[in-house]
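Here's the structure, in structure tokens; my notes come after.
Numbering (mature numbering (1 follows the signal peptide of the UniProt record, and there is no 0)), first residue to last: -21 to -1, 1 to 137.
In structure tokens form, the structure reads like this:
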């Protein structure tokens, strides 16, 4: 009988140990915190027309629009350009040269297709380029045989 009581006591202690260890720790709950940064894209747009062309405006009646999403964390942009009233032979997104008096600059992103809508993506080379983009130093431009320097243009702004 002594052995049975000792065995029952040991078994009871073992069961209580399992029960206690399974209880939730209310004083020190485990909390999972995500360390991944949130990434959101900012939207920028441009209305393209001949009057916006620089350094010399055109009389073109063609029109277009550009929408760009910029992810500042990854420096990635995605863009969509739509147009009507022209047949482009070239198109790009330009970066205005700092201190430019003409408001023009070199090609930063050449379009791989010229069929509307033109859709693409690109990663800006540096944080300085992201800052230039955010500060309005980029524009979209479509060229035609009639206007080889650019028929319509739109400054990309927030």
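Glycine included, each C-beta is placed from N, C-alpha and C at the ideal position. It should be emphasised that the depicted structure is a prediction, and the values quoted were computed from it without experimental measurement.
**Message:** Quick check on residue 54: does DSSP put it in helix, strand or coil?
**Reply:** Translated into positions along the chain shown, residue 54 becomes position 75. Residue 54: coil per DSSP, three-state reduction.
**Message:** Using the three-state DSSP reduction, which class does residue 109 fall into: helix, strand or coil?
**Reply:** Position 130 of the chain shown, counted from the start, is the residue given in the question as residue 109. Secondary structure of residue 109 (DSSP, three-state): helix.
**Message:** Among 54, 50 and 71, whose alpha-carbon lies nearest the alpha-carbon of residue 132?
**Reply:** Along the chain shown, one-based indexing puts residue 132 at 153. Distances from the alpha-carbon of residue 132 to those of 54, 50 and 71 put 71 closest.
**Message:** Using DSSP's beta-bridge definition, name the partner residues of residue 136.
**Reply:** On the chain shown, residue 136 is found 157 positions in, with the first residue counted as 1. 24, per the DSSP bridge assignment.
**Asked** Are residue 75 and residue 118 closer than 8 Å when you measure CB to CB?
**Response** Residue mapping note: residue 75 aligns to position 96 of the chain shown, counting from 1. Residue mapping note: residue 118 aligns to position 139 of the chain shown, counting from 1. Between residue 75 and residue 118, the C-beta gap is smaller than 8 Å, which places the two residues in contact.
**Per-residue burial, residue 28 [other beta carbons within 10 Å of its own, 16 or more giving buried]** = As a working mapping, residue 28 is identified with position 49 in the chain shown. Within a 10 Å sphere around the beta-carbon of residue 28 sit 16 or more other beta-carbons, which makes this residue buried.
**Item:** Sheet register partners of residue 75 (DSSP bridge)
**Value:** Residue mapping note: residue 75 aligns to position 96 of the chain shown, counting from 1. None, per the DSSP bridge assignment.
**Prompt:** Given residue 32, which residues of its chain have a CB within under 6 Å of its CB, disregarding the five upstream and five downstream residues?
**Reply:** Position 53 of the chain shown, counted from the start, is the residue given in the question as residue 32. Result list for residue 32: 129 and 132, in chain order.
**Prompt:** In chain order, what residues of the same chain have a beta carbon less than 8 Å from the beta carbon of residue 81, not counting five sequence neighbours either side?
**Reply:** Translated into positions along the chain shown, residue 81 becomes position 102. Short of 8 Å from the beta carbon of residue 81, and not among the five residues preceding or following it, lie these beta carbons of its own chain, in chain order: 33 and 34.
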